[in-house]
Amino acid sequence: MPFQVHGVGHRIEMVKGELPVVFDHPFVFDMFRDAEMKSYGTIMNSFYELEPLYVDFLRATRKLWCVGPVGFGDNQQVEKIKKWLDSKDPDSVIYVCFGSECTVSAYQINEMARGLEASGHPFIWVLRIDDIVLPSGFEARMEMGESKGLVLRGWAPQAMILRHPSVGGFMTHCGWNSILEGVSAGLPMAAWPLQSEQFINEKMVVEVLEIGVKVLRAVGDVVDEEIVRKSVELLMGGEQQSLEMRMRAKEYQAKARAVMEKGGASYEDLSHLIEEMEEYAKKRKMGGG
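The UniProt record's numbering numbers the first residue of the sequence shown as 1 and each following residue consecutively.
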């Protein structure tokens, strides 16, 4: 039975299974609460213009600095991947990745493979576990001719891939770092949460920011190939809903860039954080903190 989340500025409905596991374990909740009570403040990898209502809500009760979006380094696969992406049309490739900690069943992997192939859109699909078995002949078919799909096993240079002009969409597990990287790249997202706070992040992407499509219909469901195909087509297509999502995603990309420039919100927050920590250190040294 869905319940409404009150006091967040938007009408958000969730079911119990979508809540982070911390709510099922009071001792974990108490641990987080105690850490917040003892801490001087909170540093967030986010930016004010992305979620102003929530930042203002938190700042009403505690010190908070938004210093994102924070970037991450890439690895040595760059040249191979860049060459493949350079051969594709602008905004034609969908990038698929579910992070380093999420586990997906073999059956679900097969449905994803069939759905991606049926969509007809070129894709890069990152599989974190090397020994995942894909449907028979799948990788061979993807490599034929102009190569419709590139399967990467292990870690991939996600930020670089998302920023490439050929990439036009991002299918994600809704981990916060991935969402910020998608926003920074100006990409609409196919939101497919699997665990923890990812279901809350999905609401942010789909219902609040309106830059994504919902893939998973209910917690624990297997998403069949038809839903995968339709989700990709909606995300990457030329329908009005798709174009509006893409336009909003580009607007948030511009905001993400602006906040990191001198005078931007995250730049200023980081400057204020440094100044306040220096002042705090002086007081501690003098015995007045």
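From the three backbone atoms N, C-alpha and C, an ideal C-beta is built for every residue, glycine too.
Item, Value
"Secondary structure of K214, DSSP reduced to three states", "strand"
"Anticipated Cβ contact below 8 Å, L216 with W192, distance rounded", "5 Å"
"Sheet register partners of C97 (DSSP bridge)", "T172"
"Three-state secondary structure assigned by DSSP to I109", "helix"
"Buried versus exposed call for R11 [16 or more other C-beta atoms within 10 Å across all chains shown]", "exposed"
"Contact under 8 Å by Cβ, E49 with V219", "no"
"Simplified DSSP assignment, three categories, for V205", "helix"
"Beta-carbon proximity check, E239 vs S119, cutoff 8 Å", "no"
"Extent of the continuous beta strand (DSSP E) run through M44", "T42 to M44"
"Short Cβ contact (8 Å threshold) for Y95 with I161", "yes"
"Q4 - DSSP class collapsed to helix/strand/coil", "strand"
"CB contact flag (V205, I179, <8 Å)", "yes"
"Check whether P188 and G175 have beta carbons under 8 Å apart", "no"
"CA nearest to the CA of L152, picked from G186, Q195, A190 and G99", "G99"
"Residues of its chain near Y111, where Cβ-Cβ distance is below 6 Å and the 5 sequence neighbours each way are ignored", "Checking the displayed sequence, the identity of residue 111 turns out to be Glu instead of Tyr. The residues are D224 and E225."
"Three-state secondary structure assigned by DSSP to M144", "coil"
"E181 in three-state terms, based on DSSP", "helix"
"Reference I124, options Q158, V133 and A140, closest by Cα", "Q158"
"For L150, three-class secondary structure by DSSP", "strand"
"Rounded distance between the beta-carbons of C66 and A281, thought under 8 Å", "Going by Cβ atoms, the distance from A281 to C66 rounds to 22 Å, so no, they are not a contact pair."
"S196 versus L127, A190, E146 and H25, residue with shortest Cα-Cα distance", "H25"
"Three-state class that DSSP yields for K70 in the structure shown", "In the sequence as displayed, the identity of residue 70 is Val instead of Lys. Coil at V70, not helix or strand."
"Cβ pair Q77, A185 closer than 8 Å", "no"
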